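Asks:
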Amino acid sequence: MIVVKWLGHASFIVKAEGQTIYIDPYEGEYHEKANLVLVTHSHHDHCDSSQISKIRGNHTIIVAPADCASTIGGQVRTLKPGEKATFGPIAVTATTAYNSKRFRSPGNPYHPKGFGVGYLITAGGKTVYHAGDTDRIPEMDQLGKVDLALLPSGGTYTMDNMDAVEAALAITPKVVIPMHRWDTDPAEFKKGVKAKSTIKVVTLNPGAEFKLG
Numbered sequence: 000m001i002v003v004k005w006l007g008h009a010s011f012i013v014k015a016e017g018q019t020i021y022i023d024p025y026e027g028e029y030h031e032k033a034n035l036v037l038v039t040h041s042h043h044d045h046c047d048s049s050q051i052s053k054i055r056g057n058h059t060i061i062v063a064p065a066d067c068a069s070t071i072g073g074q075v076r077t078l079k080p081g082e083k084a085t086f087g088p089i090a091v092t093a094t095t096a097y098n099s100k101r102f103r104s105p106g107n108p109y110h111p112k113g114f115g116v117g118y119l120i121t122a123g124g125k126t127v128y129h130a131g132d133t134d135r136i137p138e139m140d141q142l143g144k145v146d147l148a149l150l151p152s153g154g155t156y157t158m159d160n161m162d163a164v165e166a167a168l169a170i171t172p173k174v175v176i177p178m179h180r181w182d183t184d185p186a187e188f189k190k191g192v193k194a195k196s197t198i199k200v201v202t203l204n205p206g207a208e209f210k211l212g
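In numbering that gives the first Met the number 0, the protein residues as written are 0 to 212.
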């Protein structure tokens, strides 16, 4: 079983195969030491060194894009899209994440291609996909089997609810959880997904858990 707790924003703690994995530490409480920390990109609300320091132990492995390394300090491993690594019973594959239609100014996306990543996390035969900060991009069509997808849906910097619906329909996970929601209504996302698929939509409050059996 994989237990996923939403800490808020894009921050999650995932427990699987006796391992504690944090993704994009920023919001929420940070007490338990991590076996593995995954950072999608260097924006402060995803790569918060003060939160990472709370959960970093002597044997914690940190995976983050290269430009996060100086912020985090110490040894940091980097996976580029398509690269895979195994950490004990956990397999991690980096995925592509970028903006294709959301820009600070013309031609200047909030998240350019190559800036950040998402992650596929596989444990016990189950795969969790954390999309990172991204628009609905064609690369999502090639992810393969996904049991649980964590998709940003807040708009402005990432997919909005309707884009996230399109992404969910393309990925076809068994379960999808909207994240990075800002002040948007996740009920709109849920309605869109349920209208066109049998994908289970779970909307969490910060601190709540979902168990993927």
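Ideal Cβ positions, reconstructed from N, Cα and C, are used throughout, including at glycine.
As the structure is a prediction and not an experimental result, all values here were calculated from the model.
Just the C-alpha distance for Q50 and I198, rounded to the nearest angstrom, thanks.
Replies: Distance between the alpha carbons of Q50 and I198 is about 33 angstroms.
Asks: Extract the residue ranges of the alpha helix (DSSP H) inside the stretch 44 to 71, only unbroken runs of 4 or more that lie entirely within it.
Replies: Within the stretch 44 to 71, the complete alpha helix (DSSP H) runs of at least 4 residues are 48 to 54 and 68 to 71.
Asks: Output needed for P24: all residues of its chain with C-beta closer than 7 angstroms, excluding positions within five of it in sequence on either side, in chain order.
Replies: So the qualifying residues of the chain are S10, V36, D47, Q50, I51 and I54.
Asks: Sorted by chain position, which residues of the same chain lie with C-beta nearer than 8 angstroms to L142's C-beta, five sequence neighbours on each side aside?
Replies: These residues qualify, in order along the chain: T94, L119, Y128 and I170.
Asks: Using CA coordinates, which residue listed in K32, V174, Y97 and W181 is at the minimum distance from K193?
Replies: Ranking the options by Cα distance to K193, first place goes to V174.
Asks: Would you call the stretch 122 to 140 and the stretch 61 to 76 touching, i.e. three or more CB-CB distances under 8 angstroms?
Replies: No contact exists between the stretch 122 to 140 and the stretch 61 to 76.
Asks: Over what stretch of residues does the beta strand (DSSP E) that includes M178 continue unbroken?
Replies: It spans V174 to M178 - the beta strand (DSSP E) in which M178 sits, taken as one unbroken run.
Asks: Note the first and the last residue of the continuous beta strand (DSSP E) segment covering G7.
Replies: Here the beta strand (DSSP E) through G7 covers I1 to G7.
Asks: Flag this pair as yes or no: are the beta carbons of R135 and S152 separated by less than 8 angstroms?
Replies: No, Cβ-Cβ distance for R135 and S152 is not below 8 angstroms.
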